[in-house]
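> Okay, so the sequence shown: first residue is 1 according to full-length UniProt numbering, each after it adds one.
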Amino acid sequence: MGIILWVVFGALAGWIASMLMHTDSSQGTLGDIIMGIIGSVVGGFLMNLIGKSGVSGFNLYSLFVAVIGAVVVIYIGRMMRKGSM
Numbered sequence: 001m002g003i004i005l006w007v008v009f010g011a012l013a014g015w016i017a018s019m020l021m022h023t024d025s026s027q028g029t030l031g032d033i034i035m036g037i038i039g040s041v042v043g044g045f046l047m048n049l050i051g052k053s054g055v056s057g058f059n060l061y062s063l064f065v066a067v068i069g070a071v072v073v074i075y076i077g078r079m080m081r082k083g084s085m
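Okay, here's the thing in structure tokens:
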């Protein structure tokens, strides 16, 4: 059951990030899930760099960290696409 909750958590974080970055219609649900999961890892890494805890469970702080990470991942993806065009 835990993996299903993490996928739902990642999907929620990815969806919020895609709404903030205005990419919701272009990446779809699967893209939201992937961005949210990767964003959780990236957000946790970034928070550890500044001395804070990363994703620590299913709470608002962890959702905030995951959304920040997903926004960073979406931003890097945009920059890579712009550079290749």
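Just so you know, even glycine gets a beta-carbon here, dropped at the ideal spot from N, CA and C.
From the DSSP output, in three-state form, read off residue 82 for me.
As a position in the sequence shown, residue 82 is number 82, starting the count at 1. In the structure shown, residue 82 sits in a helix (DSSP, three-state: H, G or I).
> Excluding the five sequence neighbours on either side, which residues of its own chain have a C-beta within less than 7 Å of the C-beta of residue 57, listed in chain order?
Here residue 57 is taken as the residue at index 57 of the sequence shown, counted from 1. So no residue of the chain qualifies.
> Residue 53 by DSSP, collapsed to three states: which one?
Residue numbering aside, residue 53 sits at position 53 when the sequence shown is read from its first letter. Residue 53 falls in the coil class under three-state DSSP.
> Taking only the alpha-carbon atoms, compute the straight-line gap between residue 41 and residue 69 and give it to the nearest angstrom.
Working through the sequence shown from its first residue, we reach residue 41 at position 41. Working through the sequence shown from its first residue, we reach residue 69 at position 69. For residue 41 and residue 69, the distance between alpha carbons rounds to 7 Å.
> Rounded to the nearest angstrom, how far is the Cβ of residue 14 from that of residue 39, given a contact under 8 Å?
Here residue 14 refers to the residue found at position 14 when the sequence shown is read from its first residue. Here residue 39 refers to the residue found at position 39 when the sequence shown is read from its first residue. Their Cβ separation, rounded to whole angstroms, is 6 Å, which keeps residue 14 and residue 39 in contact under 8 Å.
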